[in-house]
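In the numbering used here, the protein residues as written are 39 to 156.
Yeah, the Cβ is synthetic: ideal placement off N, Cα and C, and Gly gets one too.
Note that the structure is a prediction, hence the values are computed from the model and not measured.
Here's the structure we're looking at; comments come further down.
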């Protein structure tokens, strides 16, 4: 294949593929890229550490009268927008001679832990 048809084929491929990318419109009057709202979007807040939620839930379990033996698992809970709002902590506890797991919900906004009823 000679050089000229190869060059034309490469340039045509580049032009065809450029339609697959989101290229900004720089014509006069066209809005510039970026977010178009009146206030900037909120950044994704960082959630408190897992150990902070676990420690608060273990303390809430002891306050509720459980003999807390440890944490069996945790799970982060998000809102509809996918932002973290709380953490569910499963505690292994003893009470009245029974061994069971209870769920505790740690709310990030209030930094409070609440033992969920069974």
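When DSSP labels each residue in this structure, what does residue i get in the three-state scheme?
i           : result
residue 40  : coil
residue 98  : helix
residue 151 : strand
residue 46  : helix
residue 89  : helix
residue 146 : coil
Report the rounded CA-to-CA distance for residue i versus residue j, giving the unit in angstroms.
i           : j           : result
residue 147 : residue 48  : 55 Å
residue 111 : residue 149 : 19 Å
residue 131 : residue 104 : 6 Å
residue 134 : residue 100 : 14 Å
residue 143 : residue 109 : 13 Å
residue 43  : residue 119 : 51 Å
residue 138 : residue 129 : 8 Å
residue 117 : residue 86  : 16 Å
residue 92  : residue 98  : 10 Å
If you measure between the beta carbons of residue i and residue j, is that distance less than 9 Å?
i           : j           : result
residue 145 : residue 95  : no
residue 126 : residue 107 : no
Counting only runs that start and end within the stretch 107-134, where is the beta strand (DSSP E) found for 3 or more residues in a row?
Listed in chain order, they are 122-133.
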